[in-house]
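Below is one structure, written out as structure tokens; comments come after it.
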Amino acid sequence: MIFLKLILTNLSRHRVRTGISIAGIAFSVAAMLTVVTILQGAVAMFSGLLSDNSQIVVFEKDVSDLFFSSVPNSAVQQIRSWSMVDHANPVLFGVVSSTDHPIITCFGVTAQDARLNSAKWVAGRRADFGAVKDGVILGQRAADFLKAKLGEPVAIGYEKFPVIGIVKLKNGFEDGGVFMPLPLAQQFFHKEGSSSVITVKLKNRGDAAVFKQMVAQKFPTLIALRNQEFDHSYSQFKILKATAWAVGICGLLLGGLGVANTMIMSVFTRIRELAILRVNGFSNGQIAGMIFGESGIVSLIGAVAGLMIGGVVIVGLKMIPALHGYIDSHLQPWVMIAVVVLALLTGVAGALYPAMYAMRVRAVEALRFE
Amino acid sequence: MSSFFVEEAEPARSVVRAVDVWKSYEQGAIRVLNGVNFEAVAGQTVALCGPSGCGKSTLLHLLGGLDTPTAGSIYVHDVKLEPGRSTLQLLRHQMGFVFQLHHLIPGLTLEENCMIPAVAAGTARDAARARMLQLTERTGIVHRLKQPIQKLSGGERQRTALCRALMNRPSILLADEPTGSLDESTSRQIFELLLELVETEQITLVMATHDRGLAERCHRLVEMRDGRVVDARAPEAEVTQGVQ
Ligand SMILES: Nc1ncnc2c1ncn2[C@@H]1O[C@H](COP(=O)(O)OP(=O)(O)OP(=O)(O)O)[C@@H](O)[C@H]1O
Ligand SMILES: [Mg+2]
Chain A
58 MIFLKLILTN LSRHRVRTGI SIAGIAFSVA AMLTVVTILQ GAVAMFSGLL SDNSQIVVFE
118 KDVSDLFFSS VPNSAVQQIR SWSMVDHANP VLFGVVSSTD HPIITCFGVT AQDARLNSAK
178 WVAGRRADFG AVKDGVILGQ RAADFLKAKL GEPVAIGYEK FPVIGIVKLK NGFEDGGVFM
238 PLPLAQQFFH KEGSSSVITV KLKNRGDAAV FKQMVAQKFP TLIALRNQEF DHSYSQFKIL
298 KATAWAVGIC GLLLGGLGVA NTMIMSVFTR IRELAILRVN GFSNGQIAGM IFGESGIVSL
358 IGAVAGLMIG GVVIVGLKMI PALHGYIDSH LQPWVMIAVV VLALLTGVAG ALYPAMYAMR
418 VRAVEALRFE
Chain B
32 MSSFFVEEAE PARSVVRAVD VWKSYEQGAI RVLNGVNFEA VAGQTVALCG PSGCGKSTLL
92 HLLGGLDTPT AGSIYVHDVK LEPGRSTLQL LRHQMGFVFQ LHHLIPGLTL EENCMIPAVA
152 AGTARDAARA RMLQLTERTG IVHRLKQPIQ KLSGGERQRT ALCRALMNRP SILLADEPTG
212 SLDESTSRQI FELLLELVET EQITLVMATH DRGLAERCHR LVEMRDGRVV DARAPEAEVT
272 QGVQ
């Protein structure tokens, strides 16, 4: 109790200083949380594109980005014919930009594509997709920002396509995307005869290993991965995640320097007090405990404040129309825990030198200073 | 009858002892203590006198284990102090310190300041509190327990420092000009209180002071000059007098 009060007394003696280091930790935690959550969300969304009602994704081996992957139509035909396969749908990804919107994702899909089955139809009819040769379906958000209406043409890139349907989709990329019949997309993106990936559903999950082996044998240029395997191995995801954590950790490092600075000042300005505690029987451990306690409290308050700020920032970003649907504001518990643990570790690291210095304070020398 | 008792009484126990203690700084360039021999026995009160800079504070620090001698040995209860070892236990359970400045911790209350040594030693809460109440009662500050120390008078602060020094029932109280920063009458009051406390609690007192008046009230007066003890009245006779 008194030990705790000693710690709190010290923090409250220099409120501004304490506040600044709490803010340092809070902002770095908020930055980390925001960046990691947004990128995690983006990754989840992107992998959601592939895993929709399927278990396996087939794409070109050794491509750095799925947008560069090329899978021939013939492979789709063959894979469909295998008895273990329930369905195999080719998807062609393409990106176009327009003046108002830097990125519109286009999906070239077959008429029977599962994601259109699970969509909520806001306008138009499911049956028209593929039946109208150059008709496209828009995600609701895409329809909003392209100001498109059912039956009217919409400009995508340099061309115009009639809108035959508007659908509400959960996935932000999909909801902000354009669905084209596969042949139309192949022509539009100059990728005749190929798609980016094949999403495959097996009749029996247990056949996955056999399926992968068969793909490897029959198509030396392709690779089949289970969805989870894909999430872990896709280099774009790895880069994104690593970037997020690197940015976050750099932020925390700065926050940690703030804590270190505060703690150093806190120790230097009360050498005599530390000497007195020593004379009264405080052990090295107790003195270090006091210093670590101080930095721990600063970090903890900072981390909690940071989680709140981060949460507000994410919700705020989510409300920006241009980002709508791209931000997955779902805060994952493990991310929050990781961020708080990192903040606490930072606090401890920041207090290492001050604590060592405090332990080395010699009572005799300190007491001679007036 | 009385002489019979004196002869049969055990020889006074040595509580703290310095044997040929030397202390120098900066590789011997500054020589502060030059072969000090000193002893205080159980229940004794000893005043260390001498001109400023003669090494009184230095000796007190060495006796209390806060510093180590360059040469020579310090014994506490006949156990030799080894550098670094068991200093903590010594500070927690054998030594109490009072300085010229109270050295209380601002931001904590009177009560909390008194409790610091108990916190350090991990004394059970109730026992520590009872001890703190007993001491603050005796020193007449029990009505100010919840005051932050900034709101206390100089005398109250020094009383608090005294209570803190005695919290863990030390066997030795080392006082470095304990009333040096107080006015004449407060100084007398606090000193009387100090003497009364060490007597009832059977504590050995070693006190550095410039105040001859206070020094005369101790059992023994040890005069130092240039890092040496130049005059120490024989303790034995006086202790038996003082204790009886
Ligand atoms: N760390 C140190 N380095 C160098 N010299 C020191 C150190 N500590 C103490 N001294 C010197 O030792 C001498 C004795 O100091 P000490 O404080 O023991 O004297 P004192 O008898 O207590 O004096 P006063 O009555 O003024 O308190 C002084 O000359 C002081 O300058
Ligand atoms: Mg002195």
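Protein chains in written order, with this note's numbering: chain A, 58 to 427; chain B, 32 to 275.
Using N, Cα and C, we set each Cβ at its ideal position, and we do this for glycine too.
- S88 of chain B has its Cβ nearer than 7 Å to a heavy atom of ligand 1.
- Residues of chain A whose Cβ lies closer than 8 Å to the Cβ of A239 of chain B do not exist; the shortest such Cβ separation is about 13 Å.
- Between E232 of chain B and L193 of chain B, the gap from beta carbon to beta carbon reaches 8 Å or more.
- Taking the beta carbon of H92 of chain B as reference, the chain A residues within 7 Å of it are V421, listed in sequence order.
- Counting only Cβ-Cβ distances below 9 Å, E330 of chain A has contacts in chain B at H134, I136, P137, in chain order.
- For F128 of chain B, a Cβ of chain A is located within less than 8 Å of the residue's own Cβ.
- For W139 of chain A, there is no enclosing alpha helix (DSSP H), as DSSP marks it with neither H nor E.
- Under a criterion of Cβ atoms nearer than 7 Å, the residues of chain B adjacent to T66 of chain A are, in order, G138, L139.
- Here the alpha carbon of G244 of chain B sits roughly 30 Å from the alpha carbon of K182 of chain B.
- Under the Cβ distance rule, R198 of chain A does not count among the residues neighbouring chain B, no pair being separated by less than 8 Å.
- Contact annotation: the segment 230-237 of chain A touches the segment 160-169 of chain A, with at least three C-beta pairs closer than 8 Å.
- Sequence-distant Cβ neighbours of R137 of chain A in its own chain, meaning closer than 7 Å and more than five residues away, are A145.
- Listed in chain order, the beta strand (DSSP E) elements of length 3 or more contained wholly in the segment 159-238 of chain A are 161-166, 177-181, 193-196, 210-213, 216-225, 235-238.
- Of the residues B:E113, B:V261, B:R248, the one whose Cα lies closest to the Cα of E223 of chain B is B:R248.
- In the DSSP assignment, P147 of chain A forms a beta bridge with A:I255.
- Counting the other Cβ atoms within 10 Å of the Cβ of C307 of chain A gives fewer than 16, which makes it exposed.
- Here F125 of chain A carries a helix assignment [DSSP, helix/strand/coil].
- In this chain, the alpha helix (DSSP H) harbouring Y410 of chain A covers 390-417.
- When DSSP states are grouped into helix, strand and coil, T300 of chain A belongs to the helix group.
- Per DSSP, L205 of chain B is one residue of the beta strand (DSSP E) stretching across 203-207.
- In chain order, N144, C145, I147, P148 place their CB closer than 7 Å to the CB of R195 of chain B, counting only its own chain and leaving out the 5 sequence neighbours on each side.
- Bounds of the beta strand (DSSP E) holding K54 of chain B are 45-56.
- Note on the segment 259-311 of chain A: whole beta strand (DSSP E) runs with a minimum of 3 residues are 279-283, in chain order.
- Apart from the 5 residues on each side of it in sequence, S251 of chain A sits with its Cβ closer than 8 Å to the Cβ of S127, V128, P129, N130, L149, Q243 in its chain, given in chain order.
- For a cut-off of 8 Å, the C-beta gap from I354 of chain A to L68 of chain A is around 6 Å, short enough to register as a contact.
- Under a 10 Å Cβ-count criterion, V257 of chain A is classified as buried, with 16 or more other Cβ atoms of the shown protein chains found around its own Cβ.
- Counting along the chain, the unbroken alpha helix (DSSP H) around L122 of chain B starts and ends at 118-124.
- Residue state for M238 of chain B is assigned as strand, using DSSP reduced to three classes.
- In the structure shown, I321 of chain A adopts helical secondary structure according to DSSP, grouped into three states.
- Under the Cβ criterion of 8 Å, V150 of chain B is counted among the residues facing chain A.
- C80 of chain B carries a strand assignment under DSSP once its states are collapsed to helix, strand and coil.
- Contact between I203 of chain B and M126 of chain B holds: CB atoms are separated by about 5 Å, below the 8 Å threshold.
- Burial state of H134 of chain B is buried, judged by a 10 Å Cβ sphere holding 16 or more other Cβ atoms.
- Shown here, G98 of chain A sits in a helix according to DSSP, grouped into three states.
- Within the same chain, and ignoring the five residues on either side of V336 of chain A in sequence, the residues whose Cβ sits closer than 8 Å to its Cβ are A420, L424.
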